[in-house]
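So for the sequence shown, the numbering used here puts the first residue at 17; every next one is plus one. Where a beta carbon is used, it is the ideal one built from N, C-alpha and C, also for glycine. Computed from a prediction, not measured in an experiment: that's the story for all the values here. To keep things clear, I will list the structure first and then write my remarks on it.
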Amino acid sequence: SELFHSENAQGVVAVKSVTKFYELDEIIFHSKKSSFPLLLLLDSIQDPHNLGAILRTAECAGVDGVLITTNQSSPLTETVEKISAGAVSHLKICKVNNLVRAIEQLKKENFWIVGSSLNNSREYTSIDYKMPVALVVGNEEKGIRKLVAENCDFLVRIPMLGKIDSLNVSVATGILLFEIIRQQKS
């Protein structure tokens, strides 16, 4: 009550950290310190549980930065932070209004853009990832948007052997990130 000059505080105080967002230029600059820079671009990930799981995986994989579309994406809520197991506070995250423009800027900085897609794509293990990579994963229901896919240098897929035709986006992101890391570290 003394801290807040209120009788309604009920003796409980919570401290919430504020997520620091980075500019794309800052993330690019930071990523150049890596032998093979790796960025993760999230195209309209709407489910906060998926977003949290993806951010946790991205941090564990050591990505240099994450770009999140401003519109049609889950905000970084307490649920996202909890599911990410604290990864949100360790990642360089950039919010972008126009993912295609961000991709164009990344291409000028010599990044190769790899999008995950079930259509017109090749198996994810057929690409040589020993280069600066920006991996794009898309919306849980629709995948990456058409214009985003058209701006990718490569489209890759994870082969499905069962009767269901796709994985959860957070699981697929983990598989793709760790294949990229495996190749870049070998």
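The continuous stretches of beta strand (DSSP E) do not include CYS76, which lies in the alpha helix (DSSP H) extending over residues 64-77. The C-alpha of THR86 is placed about 18 Å away from the C-alpha of LEU151. In the DSSP assignment, THR85 falls within the beta strand (DSSP E) that extends over 81-85. Unbroken beta strand (DSSP E) runs of no fewer than 3 residues, entirely contained in the segment 131-167, are found at 149-154, following chain order. The three-state reading of DSSP puts LEU107 in coil, since its state is none of H, G, I, E or B. LEU57 sits close to LEU83, with the two beta carbons spaced by under 8 Å.
Three or more beta-carbon pairs separated by less than 8 Å are not found between the segment 115-125 and the segment 90-107, which leaves the two stretches without contact.
If the five residues before and after PRO148 are omitted, its C-beta is found closer than 7 Å to the C-beta atoms of PHE52, PRO53, ASN126, PHE127, TRP128, all from its own chain and listed in chain order. By the neighbour-count criterion, in which 16 or more other beta carbons inside 10 Å mark a residue as buried, THR93 falls on the exposed side. In the structure shown, ILE174 adopts coil according to DSSP, grouped into three states.
Per DSSP, LEU56 lies in no alpha helix (DSSP H) segment; the continuous beta strand (DSSP E) that holds it begins and ends at 54-59. Here DSSP, grouped into helix, strand and coil, assigns PHE127 to coil.
Just so you know, the alpha carbons of TYR140 and ALA74 end up roughly 18 Å apart.
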